[in-house]
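Numbering (this note's numbering), first residue to last: 3 to 497. Every residue, glycine too, gets a C-beta built ideally from N, C-alpha and C. All figures in this text were calculated on a predicted structure; none of them were measured in a lab.
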């Protein structure tokens, strides 16, 4: 018997207000409440609610023969509870079937595993407790933010009681080996590893509705035909997808719901595969070999590394300043400060600052609510400047005005000048991206300074008027398309 591990990621970050609409040091409301509510309601109605109903119908029809797993971040849980509680009720109904596994992750969908072991553990424990409270499960499978993994992260996860970990089947790690086996961590043989089959996963995420793709359209029969071409000795195919793929990234009109509704029937009738959860797979299969990962991998972009979040000086500057105040945040022992600290750690804020212009550029634009990565950087750094004032000034709760603090820079005021070196895009590891140049429009871009003291902090303004952030449009068809079909090549996109 062979297994299909179908795992969905559910994550929605908190969108920040634009810095022009609040005064640094006075207004501590950082979140665009209207956009957050609008987005979570839209995605719930288009994706989460119909997807939950469909999964429940499939479980009722096929019983234990159909199983799925979910990784739901803390920000997603919070916003769903506030704006779309019926989605949480749907997940609870799915949990009661016994055919759904909920995995662990960092509470705020953060990059803490790369910077602070203490914060990483705190968030993992908080997320596990939240999943237990809502769905009655204590996760034993761990799925780190964006599938980020190396040996040290795996060791920390195992120390927290996780026995199975999900990560990317990166080609530069596997070499000649296939992702379609159960592996184990080289430095901790008790930690079992399930690796994403990125070609088959991305055929659904990115290429399902792309009419320019030579394999379009994907039917269940065609997809199961690809599964049947997997060598007989390979035991498990791991399909890790965004849950928003159903109805949001791939609209209902593309036939995505019909595809998933027919998939179990076709798989069970015409293949040796059976659906199973990560926990069950790790218990039923024996690992075939160790995997060594010295440097972090992820499921992002063609490189499968960290450059989507920490690939230029803008991202490094913001990331360093955020975690530079960790000790002060912990010592403050204030719930409002800790709440905002968690929300500002979400990996999405750094993803918006990515300056990749090559094969993955269109995908980054699709997921970016800002007009440019430089605008995302300025906005985030001004919010972070205000947050630092609160952390360093005891007794200032969120929302309380401080009239003695300076206000944000107005359009008529002279903006703070920063050396162009501060905003230059750092060369990435790969040679093919070493000639990235900053767009001409960004020459006058300014970066936020760390306030020397609370009373002297200022906001940074872009010299020209900024456009109001808008929701990204659905991406247009790719010129060159690859997939898992007969002429498959490596993935060109990311989620």
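Where residue 276 falls: helix, strand or coil (DSSP): strand
To test your reading of the DSSP string, which unbroken beta strand (DSSP E) runs of 3 or more residues are found completely within the segment 182 to 218? Listed in chain order, the complete beta strand (DSSP E) runs (minimum 3 residues) inside the segment 182 to 218 are 184 to 187 and 190 to 198.
Roughly how many whole angstroms lie between the Cα atoms of residue 429 and residue 352? The predicted position of residue 429 is uncertain, since its pLDDT is 37 and thus under 50; a value taken from the coordinates is nonetheless stated next. Whole-angstrom Cα-Cα distance: 17 Å.
What number of angstroms, rounded off, separates the C-alpha of residue 247 from the C-alpha of residue 395? 43 Å
Length of the line joining the Cα atoms of residue 255 and residue 60: 20 Å
For a minimum of 4 consecutive residues, which ranges assigned as the alpha helix (DSSP H) are wholly contained in the segment 68 to 149? 76 to 85, 87 to 97 and 119 to 137
From the DSSP output, read off the bridge partner residues of residue 348. 112
Ranges of the beta strand (DSSP E) found wholly within the segment 246 to 325, counting only runs of at least 3: 275 to 277
Check whether the Cβ atoms of residue 32 and residue 51 lie closer than 8 Å to each other. no
Tell me the rounded alpha-carbon separation between residue 146 and residue 103. Distance from the CA of residue 146 to the CA of residue 103, rounded to the nearest whole angstrom, comes to 16 Å.
Measuring only the C-alpha atoms, how far is residue 187 from residue 348? Cα-Cα distance, rounded: 27 Å.
Which residues in the same chain have their Cβ closer than 8 Å to the Cβ of residue 79, if we skip the five residues on either side of it in sequence? 90, 132 and 136
For residue 128, tell me which candidate among 108, 240, 203 and 235 has the shortest Cα-Cα distance. 108
Distance, residue 67 Cα to residue 155 Cα: 33 Å
Using alpha carbons as the reference points, say which of 388, 158 and 199 lies closest to residue 232. 199
Taking 8 Å as the threshold (C-beta atoms), are residue 149 and residue 170 in contact? yes
Identify which residue in 55, 40, 113 and 280 has its Cα closest to the Cα of residue 75. 113
DSSP bridge partner residues for residue 170 (one or two, in chain order): 198
Helix, strand or coil: which one does DSSP assign to residue 64? DSSP places residue 64 within a helical segment (H, G or I) once states are collapsed to three.
What number of angstroms, rounded off, separates the C-alpha of residue 175 from the C-alpha of residue 294? 8 Å
Count the other CB atoms, across all protein chains shown, that sit within 10 Å of the CB of residue 345; report buried if there are 16 or more and exposed otherwise. buried
One or two residues paired with residue 241 in a DSSP bridge: When DSSP reads this structure, residue 241 sits in a beta bridge with 8.
Have a look at residue 49 and residue 236 and give me their C-alpha separation to the nearest angstrom. Cα to Cα, the separation comes out at about 32 Å.
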